[in-house]
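Taken in order, these protein sequences are the chains called A and B. Sequential numbering of the first sequence, starting at 49, is according to our numbering. Sequential numbering of the second sequence, starting at 31, is according to our numbering. The beta-carbon is built from N, C-alpha and C at its ideal position, and this holds for glycine as well. Before any comments, here is the structure.
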Amino acid sequence: MSGALEKEKSVAQKPDTVLVKAAIDGDAEGFTELCQRYYPAMVAIAHSILGDRHLAEDATQQAFAKAAVKLPQLKKRSRFAHWLAVICRNVAKDMARRTENLHTTDDFSMIAAESREDDTTDAVREAISKLSVSTRELIFLRYYDGMSYEQISAVLGISEQAINGRLRRAKKKMADYLRRNGFGEV
Amino acid sequence: MNEQGNEKWLDELISRSINTEKPQFDSEKWKQEYPDEYQTLISRKATTSPRAIQWANILKSSITKFAAAAVIIVAISFFVFHKEPLEQQRSQKVIVTKSPAEMLTLRSLKIAYRNGGIEAVETQCEKAIEKLGLKPERISVQELLEDIIGT
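Next comes the structure, spelled out in structure tokens:
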């Protein structure tokens, strides 16, 4: 096994609470490990709000900067992911307001604008844009990095059953929208 | 189209539509972009003194907890056993206030022996003799006991 893989394994095995404690005590490595662990999820959340991958990454890094300063204020270390997601969401919303890119269910078109591979892909992106902000966030978390229900539950602070229910309803809405627009089963 | 088939079809489409390259966190770039925040993060290490960390580790260790429990047990034991001699002293005082005849009964002498050995028996005998007013120049406990018991 290579050194990098071993390191990755050891990072995965360390619980959040241990890394948070280390980061509170000023351990930069512990904080970096936490950032690496939650970077894809935070980018997904920011992307669902901003509709732009690069802006989403900027927002996530800004959120990490805020988290680095505010970390000692975190009361429940086991809720770090949820706490970080709240910071990231707020940063993304602020950024969207500043750049006047806050997308509503009606004007969320940047995802579709990012790439125009084919009509079906555009239609799916359009269907995603019709979802509410929170549902869109859930779809991004689930499909952006293939996160498990357990991981999504930690980030959003809701039960796995609730996630399952919301995802089912979201996908039904999307399927209905696609069928109405002439995109049936491929 | 059944629900399962519907989901699979849609899952593939959603994945294809939004699943972009997995983002990777570049810590070095982040440190450069947010130097103040990074400094705040690492400065916390300096504010926690090594002595404080050492004490925190000592207090958290299981050995310390075990030692603390042991000290408590020893303290309780000392208190219990320390209290007993006081009661014994009190009982001795009670014996002293008895009449000389009572002080020299087998029971009293046995109690005295249990409490302080042969020296306590001798002391009790001496006190009984003092009360009686008899002051033989020299008498051993053995002789006294023989005299009392009649053997």
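Handout entry: Of the residues A:Y86, A:T65, A:T169, A:D106, the one placed nearest B:E63, counting alpha carbons only
Key = As a position in the second sequence, residue 63 of chain B is number 33, starting the count at 1. The alpha carbon of B:E63 has as its nearest neighbour, out of A:Y86, A:T65, A:T169, A:D106, the alpha carbon of A:D106.
Exercise for the section: Kindly examine the ligand FAD and report whether one of its heavy atoms sits closer than 6 Å to the Cβ of A:Y192. Expected result: With respect to the ligand FAD, the structure shown offers nothing to examine, as it has no ligands at all.
Handout entry: Minimum C-alpha distance to B:I72 - residue among A:D167, A:A116, A:A94
Key = Counting from 1 along the second sequence, the entry for residue 72 of chain B is found at position 42. Ranking the options by Cα distance to B:I72, first place goes to A:A116.
Practice task
Indicate whether A:R125 and A:T168 have their beta-carbon atoms separated by less than 7 Å.
Solution key: For the purposes of this step, residue 125 of chain A is taken as the residue at position 77 of the first sequence. For the purposes of this step, residue 168 of chain A is taken as the residue at position 120 of the first sequence. Result no, Cβ atoms of A:R125 and A:T168 do not sit closer than 7 Å.
Handout entry: Residue from A:R216, A:Q121, A:I135, A:K178 with nearest C-alpha to A:L226
Key = Indexing the first sequence from 1 puts residue 226 of chain A at position 178. For the residues A:R216, A:Q121, A:I135, A:K178, the minimum Cα distance to A:L226 belongs to A:K178.
Handout entry: Residue-level contact to chain B via CB, A:R173, 7 Å cutoff
Key = Here the question's residue 173 of chain A lines up with position 125 in the first sequence. True, the Cβ-Cβ gap to chain B drops below 7 Å.
Problem - Contacts that A:T80 makes with chain B (C-beta to C-beta distance below 7 Å) - result: Start at 1 with the first residue of the first sequence, and residue 80 of chain A comes out as number 32. By Cβ distance, chain B contributes S57.
Problem - Beta-carbon spacing of A:A71, A:L119 below 7 Å - result: Along the first sequence, one-based indexing puts residue 71 of chain A at 23. Along the first sequence, one-based indexing puts residue 119 of chain A at 71. The answer is yes: Cβ separation under 7 Å.
Practice task
Using 10 angstroms around the beta-carbon of B:L136, count the other beta-carbons present and answer buried if the total reaches 16, otherwise exposed.
Solution key: To locate residue 136 of chain B, count along the second sequence from 1; it is residue 106. B:L136 comes out exposed.
Exercise for the section: Please report the Cβ distance between A:H32 and A:A89, rounded to the nearest whole angstrom; I am assuming they are in contact, meaning their Cβ atoms lie under 8 Å. Expected result: Nothing can be reported for residue 32 of chain A, as the shown portion of chain A is limited to 49 through 234.
Problem - the region 89 to 117 of chain A: positions lying closer than 7 Å to chain B by Cβ - result: Contact residues of the region 89 to 117 of chain A toward chain B are V91, R101, E105, Q109, F112, A113, A116, V117 (C-beta to C-beta distance below 7 Å).
Handout entry: Anticipated Cβ contact below 8 Å, A:I93 with A:A140, distance rounded
Key = Indexing the first sequence from 1 puts residue 93 of chain A at position 45. Indexing the first sequence from 1 puts residue 140 of chain A at position 92. Yes, A:I93 and A:A140 are in contact; Cβ-Cβ is about 7 Å, under 8 Å.
Practice task
Starting from A:F112, trace the alpha helix (DSSP H) both ways and give me its first and last residue.
Solution key: Start at 1 with the first residue of the first sequence, and residue 112 of chain A comes out as number 64. First-last of the alpha helix (DSSP H) with A:F112: 101 to 118.
Practice task
Output the distance between the C-alpha atoms of A:A144 and A:I97, rounded to the nearest integer angstrom.
Solution key: Locating residue 144 of chain A in the first sequence gives position 96, where the first residue counts as 1. Locating residue 97 of chain A in the first sequence gives position 49, where the first residue counts as 1. Answer to the nearest angstrom: the Cα atoms are 8 Å apart.
Practice task
Please check if any C-beta of chain B sits within less than 7 Å of the C-beta of A:Y225.
Solution key: The count along the first sequence starts at 1 and reaches residue 225 of chain A at position 177. Not one chain B Cβ lies under 7 Å of A:Y225.
Problem - Cβ distance (whole Å) where B:L89 is taken to contact A:K219 below 8 Å - result: Translated into positions along the second sequence, residue 89 of chain B becomes position 59. Translated into positions along the first sequence, residue 219 of chain A becomes position 171. By a beta-carbon distance limit of 8 Å, B:L89 does not contact A:K219. Their separation comes to about 53 Å.
Practice task
Can you pull the chain A residues whose beta carbon is under 9 Å from the beta carbon of B:S45, in chain order?
Solution key: The residue you call residue 45 of chain B lines up with position 15 of the second sequence. The answer, in chain order, is Y191, G194.
Exercise for the section: Could you name the residues of chain B that A:F188 contacts, counting a contact when the two beta carbons are closer than 9 Å? Expected result: Sequence index remark: in the first sequence, residue 188 of chain A carries index 140 (1-based). Here the neighbours are I48.
Exercise for the section: Could you have a look at B:R168 and say whether DSSP puts it in helix, strand or coil? Expected result: For the purposes of this step, residue 168 of chain B is taken as residue 138 along the second sequence, with counting starting at 1. Of the three classes helix, strand and coil, the one that applies to B:R168 here is coil, per DSSP.
Handout entry: A:D73: first and last residue of the uninterrupted alpha helix (DSSP H) it sits in
Key = Sequence index remark: in the first sequence, residue 73 of chain A carries index 25 (1-based). Counting along the chain, A:D73 falls outside any alpha helix (DSSP H), and DSSP gives it neither H nor E.
Handout entry: 8 Å CB neighbourhood of A:C136 in its chain, flanking five on each side removed
Key = As a working mapping, residue 136 of chain A is identified with position 88 in the first sequence. So the qualifying residues of the chain are M90, I93, A94, A107, T108, A111.
Exercise for the section: Under 7 Å between beta-carbons, which chain A residues line up against B:K52? List them in chain order, please. Expected result: If you number the second sequence from 1, residue 52 of chain B lands on position 22. Using a Cβ-Cβ cut-off of 7 Å, B:K52 is close to P88, D193 of chain A, given in chain order.
Exercise for the section: Verify the CB distance criterion: does B:W60 have a CB-CB separation below 7 Å to chain A? Expected result: On the second sequence, position 30 is the one that residue 60 of chain B refers to. Yes, B:W60 counts as interfacial toward chain A.
Handout entry: C-beta atoms of A:Y197 and B:S45 nearer than 7 Å
Key = Here the question's residue 197 of chain A lines up with position 149 in the first sequence. Here the question's residue 45 of chain B lines up with position 15 in the second sequence. Their beta carbons are not under 7 Å apart, which means A:Y197 does not touch B:S45 by this criterion.
Practice task
To the nearest angstrom, report how far apart A:V134 and A:R216 are at their CA atoms.
Solution key: Position 86 of the first sequence, counted from the first residue, corresponds to residue 134 of chain A. Position 168 of the first sequence, counted from the first residue, corresponds to residue 216 of chain A. Looking at the backbone, the Cα of A:V134 and that of A:R216 are separated by about 24 Å.
Exercise for the section: Could you tell me whether the Cβ of A:C136 comes closer than 7 Å to any Cβ of chain B? Expected result: For the purposes of this step, residue 136 of chain A is identified with residue 88 of the first sequence, where counting begins at 1. Not an interface residue.
Problem - Contact with chain B by A:T147, beta-carbon distance below 7 Å - result: Stepping through the first sequence from its first residue, residue 147 of chain A is reached at position 99. No, because no Cβ of chain B sits closer than 7 Å to the Cβ of A:T147.
Problem - Contacting residues, own chain, Cβ-Cβ under 6 Å from A:E208 (five flanking each side not counted) - result: As a first step, residue 208 of chain A is located in the first sequence; it is residue number 160 there, counting from the start. Excluding sequence positions up to five before and after A:E208, its CB lies within less than 6 Å of the CB of Y197, S201, all in the same chain and listed in chain order.
Practice task
Put A:S207 into one of helix, strand or coil per three-state DSSP.
Solution key: Residue mapping note: residue 207 of chain A aligns to position 159 of the first sequence, counting from 1. Note: A:S207 maps to coil in three-state DSSP.
Problem - Distance between beta carbons of A:D75 and B:K75, contact taken as under 8 Å - result: As a first step, residue 75 of chain B is located in the second sequence; it is residue number 45 there, counting from the start. As a first step, residue 75 of chain A is located in the first sequence; it is residue number 27 there, counting from the start. At roughly 7 Å, the Cβ-Cβ gap stays under 8 Å, so B:K75 and A:D75 are in contact.
Exercise for the section: Measure the alpha-carbon distance for B:L139 versus B:Q154 and round it to whole angstroms. Expected result: Walking along the second sequence from the start, residue 139 of chain B turns up at place 109. Walking along the second sequence from the start, residue 154 of chain B turns up at place 124. Roughly 8 Å separates the two Cα atoms.
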